[in-house]
Amino acid sequence: MMFGRKKKAVDVRTAHQMAENDGWVIVDVRTKLERKEGHPTGSIHYSLDSLNQRMRKLEGKKVLAICRSGNRSSTAVSILEQNGIEAINVKGGMLSWTRAGLPTKRGK
């Protein structure tokens, strides 16, 4: 185990570029209700509570985890990395994503 290792994190604009150009998948780890209010266009939804059950679907993918502010997504990154999945936290979460005017979809 790597104790004291700083989790990888990127700002929202970098995350958007990575998803658009470099094959990274944005995974929204918020609740269904939060997601309906708006989420990154093209993202997939695996709530933090369901991440362990759905993790197999992420094997071999590079994941950008996002939540409302960055806390739950940080937890998600730890879980994914412990299971051998490359993951990076999106700093500032949807609050920063929306503030930056990045592509957002409402509903499911």
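When you number the sequence shown by full-length UniProt numbering, it's gap-free, plus one each residue, and the end is 108.
Where is the CB? At the ideal position from N, CA and C, for every residue including glycine.
Counted as a single uninterrupted DSSP element, the alpha helix (DSSP H) harbouring Asn71 occupies residues 71-82. According to the DSSP assignment, Val12 belongs to the alpha helix (DSSP H) that extends over 12-21. Contact check for Val25 and Lys62: beta-carbon distance about 7 angstroms, within the 8 angstroms limit, so the pair qualifies. Approximately 15 angstroms separates the beta-carbon atoms of Pro103 and Thr14; this is outside 8 angstroms, ruling out the contact. Inclusion of Met94 and Arg72 in the CB contact set at 8 angstroms is not warranted, their separation being larger than that value.
In the three-state reduction of the DSSP assignment, Leu64 falls in the strand class. For Thr104, the secondary structure class from DSSP, reduced to helix, strand or coil, is strand. DSSP places Thr98 inside the alpha helix (DSSP H), whose first and last residues are 93-99. Burial state of Gly60 is exposed, judged by a 10 Å Cβ sphere holding fewer than 16 other Cβ atoms.
Between His16 and Lys105, the CB-CB gap reaches or exceeds 8 angstroms.
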